[in-house]
Structures are given as structure tokens and as C-alpha cells.
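Numbering (the working numbering), first residue to last: 525 to 1026. Note that CB positions come from ideal geometry on N, CA and C, so glycine has one too. None of these values were measured; they are calculated from a predicted model. Take a look at the structure set out below.
What follows is the structure, given as C-alpha cells:
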């Protein structure tokens, strides 16, 4: 029978018993993980024969925590402190692992790939480690009883940094660079300037918004207004990113500015397709990589992290919707705008593919993808949207979107595996023109009208709003399934290729 106890000034002892009989033996284990001024969360792991003993003491960030007695586990006989057969890893190796883990979780690498990357590096540097991924944090539990905690200030999307981390890890594992050089490269990754000039990103992002508006059937006035409002909204996000603001301030401000500029264009009668002036700036704020990784995490049985990412994405969407409503109110009031495409706009297959490529390029630049990999996003957008265009009439929107996203997932993950790139950013950059923006906007507008009408609302309006909401959710779900299935096919092909090579 094993007893765990922890004591400190003003804190009574706590005991928890557990029967541990690895190989018929009982051990006493002691962990001395204390920090100055606070105790960090850690995990004690003792490997005994075929069994593993795990204990998670809770962290207490009180003033007297630094003086707290070490966590102690005692038993009737026998002791290991730490296990004699476990080599103590070097501080340089632990420093690299901790930094690597923090960068991977901060720059939105999905949980399964993060664990795999950490495990590969740990085996190469001779460290036995167990990786536990949480929201904005990673805990590395060592076999000698120590634990290291890495926490990110927030989740970000930066293709250059995430690809750089994966590239440095691969070079280290192939012995192309040493541990000190690998650590130095990781420390400098975040300090590198963006791959694109600020104004180039703003211009490409505005062109992407205009391309999406054109694909949706907007007239020239709405196309220009969408591009301008999205560019100005991006400038506001860049300014807020340098300031200590609340989590959802950026999407709220961008939605507010986009709706204000779009509402002004509508009020001045610059467009005959007014609804797109409000839809497109909101579509440019959809947190696609977070949504994709949340679904991936839940399918990989990382349920808590998947839920955390999903909640973050939903918060961004709600903040964007509030910004759009408040931004359009001064010029438009509670009125809803028409979203019918212009009859003067005619788009053939070549133009459809070209516009999808422009949209994908703008999102790729926004995610800080280097020029050498922007072509991947462009190809994904052109191939996926081209397939959707071809299948739209015979198959309908849902099935054509499924096949288009399946192609995007296959191309994006093939490139991600071969070039060490984050799949979610590449895939969403190609898939964003397929987002059902019209259905989302119409369902939101119907919900606002129902809220204003109260109990006197028309039942047909409620039925229409509900149908549009379900259709939007279904199309988004089809997109997610297509991207994930396409990505899984690329994973399967990659594994078979590695097995065939021996």
C-alpha cells in the first residue's frame, strides 16, 4: 500500500493510498520539485517493471509555497529516489524540449503531431518523456520524477514559425546540427521579421476579400467596398496585436470597422448587392485553423484540447458577429440587406479558379507563409474550387463542396508532410472561398428579425431561419469532413511510402 503526503506551513497533511505491486514489489518515491515563490504543476512518473506509477500534486501559488515540504510517497519497504537505472538528462536537452514544446503549442500545431514531434526529439537526445497537452500549455514528465511546464500566452497562426520549429527538430534528429545550434535557432525564430511587408499583407488580404466577393456574385461596388473594409480591419488588428487588449478585441474591432465601411457604401448607394459588403469582411475573420485543429484533436481522442480550440473559435465568431451588428447599426439600423448575386456577374471555370487562387494567396500571406510555400495555398484554392465549380450543377452544393475539400485536404497534407508545414493553415487558406457566407448571414439576419418581433414573429420566418442555419452548419461540416478525409488519405499514403522504403 502506497501513501502520498504533502505538508507545508499552515497546510495540513493530505494522504491518498493506492495499491502498487509492480513485479510484486512496493517502492517509496520522493519528488523535490519546488520553485521559488510558487510551485509549478508537475507529474511524478516512476517506471517499475511493466507498470507505471503516476501522481499529480496540485500546484499552489501562495506566498509560502516556496517553503512547502517536498511531495513525499512512502511505503512499508524499499525505496528509489530516483530510479537508479534512469539516466539524468542534460539541462541543454531539457531546455530544448521545453522551448520546442512551447513553440509548437503556441503556434497551433495539433495535439497528436505535437506529441509525436516531442517524442521524436526526446528519443534522439536520450530523454524518456511523457507529453501532456492542454490549452495553451504542455507538461513534460520525465522518468526520473521531474516535470517541466511550458505555457504560451495565446494561440497564434504563423506558418513560418511553426514550419521553422519542425524543420529545426528534423535537422537535429538527422544530426545535421547540434543541440546548442538547434536551441539557438529556436530562440531566434520568433524574433525574425515577418516574411512579407506589412503593406504587402494588407494589399493581398484586401485582394483576397475582393476575390471572395466576386466569387459570391457581388457587383463592382461591393467588390471594392469588401476589399477596402477588410484591409482597414486588418490594419486595426495589427495595431491591437501590439497592445495588451482582451482576447477577442481584434475580431470585434475588425468586424466593427468592416461593417461601418460596408454600411457607408450601402448608404451612399455604391452597390446593388449590399449584403456582400457585410458578409465578406466577416468571412475574412473566420478562425478556420482553430476549427480544423479542434475537429482533428477530438478525432484523435484529445477531447479537452479539441473542446478548448472549438470554444476559442466560437468566441472569435461571436465577437465578429457583434462587431458587424454594431458597426452597421449607425448607417443601416436594424434593416437586413439583400444577398442576391448580381445578374451582370458571370464567372466561368478559368475565372473561378483564378479568383480562388487570389483568395488563397491572401490568406497564406496573412498566415505569414513564406513565398516558397504560398504556391501550395494557391494550388489548393484553385484545384478545390475548380472541382466544386464543375460538380455544382450535377451534384449540388454539399457534394461538390465535399469533393472540393477532399482534394484540398489531399494536396495540403501531402505538401505539409513533405515540406514540414502546418496542415490547418494551408488547408483553410484553400478552402475559405467555399465558406457558406450567404447562409450564415441570412440565418443571422433572420435571428435578429425574430428577436425584434418577439412573440409576434411570423412562423414562416422562424422556419426559414432554422433551415438556413442547418444548411450553413451542414455545409461547414461537409467542408471539415472533406479536409480531414483528404488529409488522412495523404497520411496513409505517406506511411505506406515509408514502410515500402524500409
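Counting only runs of at least 3 residues, the stretch 726-804 fully encloses no beta strand (DSSP E) element at all. For residue 665, the uninterrupted beta strand (DSSP E) run begins and ends at 661-666, by DSSP. Distance between residue 971 and residue 931, taken at the CA atoms: about 34 Å. Within its own chain, the residues whose Cβ lies closer than 6 Å to the Cβ of residue 1002, once the five positions on either side in sequence are excluded, are 922, 925, 926, listed in chain order. Residue 671 is bridged by DSSP to 665. Three or more beta-carbon pairs separated by less than 8 Å are not found between the stretch 766-777 and the stretch 747-756, which leaves the two stretches without contact.
Residue burial is scored here from C-beta neighbours: residue 960 has at least 16 other C-beta atoms within 10 angstroms and is therefore classed as buried. Taken in chain order, the unbroken stretches of alpha helix (DSSP H) that lie wholly in the stretch 870-954 and span 4 residues or more are 873-890, 895-943. 901 is the residue among 901, 788, 791 whose C-alpha sits nearest the C-alpha of residue 881. Boundaries for residue 1011: no beta strand (DSSP E) harbours it, while the alpha helix (DSSP H) harbouring it runs 983-1024, taken from the DSSP string. If you check the CB distance, residue 850 and residue 814 do not come in under 8 Å. Using a C-beta cut-off of 8 Å, the stretch 651-663 makes contact with the stretch 827-835, since at least three inter-stretch Cβ pairs fall below that distance. Annotation for residue 633: no beta strand (DSSP E) segment contains it, and DSSP assigns it neither H nor E. In the DSSP annotation of this structure, the continuous segment of the beta strand (DSSP E) that includes residue 653 starts and ends at 653-658. Residue 627 and residue 684 have their C-alpha atoms spaced approximately 12 Å apart. Secondary structure of residue 614 (DSSP, three-state): coil.
At least 8 Å separates the beta-carbon of residue 756 from that of residue 803. Within its own chain, the residues whose Cβ lies closer than 6 Å to the Cβ of residue 674, once the five positions on either side in sequence are excluded, are 622, 625, 626, 662, listed in chain order.
Excluding sequence positions up to five before and after residue 820, its CB lies within less than 7 Å of the CB of 634, 1008, all in the same chain and listed in chain order.
At a Cβ-Cβ threshold of 8 Å, residue 617 and residue 651 count as neighbours.
Three or more beta-carbon pairs separated by less than 8 Å link the stretch 951-959 to the stretch 875-894, which places the two stretches in contact. Excluding the 5 residues flanking it on each side, residue 1014 has same chain C-beta neighbours closer than 6 Å at 934, 937, 938, in chain order. For residue 977, the enclosing alpha helix (DSSP H) has its first and last residue at 961-977.
Taking C-beta separations shorter than 6 Å and ignoring five residues to either side along the sequence, the partners of residue 741 in its chain run 865, 866, 869, following chain order. Distance between residue 987 and residue 737, taken at the CA atoms: about 28 Å. If you look at residue 821, you'll find it in the alpha helix (DSSP H) that goes 812-823. One thing to note: residue 928 has its Cβ within 8 Å of the Cβ of residue 1006. Taking 8 Å as the upper bound for CB-CB distance, residue 848 and residue 779 are in contact here, some 5 Å apart. When 692, 648, 906 are compared, the shortest CA-CA separation from residue 874 is found for 906. Counting the other Cβ atoms within 10 Å of the Cβ of residue 782 gives 16 or more, which makes it buried.
One Cα belongs to residue 637, the other to residue 671, and the distance between them is close to 21 Å. The continuous alpha helix (DSSP H) containing residue 694 extends over residues 683-697. Taken through DSSP and simplified to helix, strand or coil, residue 648 comes out as helix. Take the alpha-carbon of residue 919 and the one of residue 793: they are about 37 Å apart.
Residue 848: member of the alpha helix (DSSP H) spanning 827-856, first to last residue.
By alpha-carbon distance to residue 904, the top candidate from 916, 730, 871, 948 is 948.
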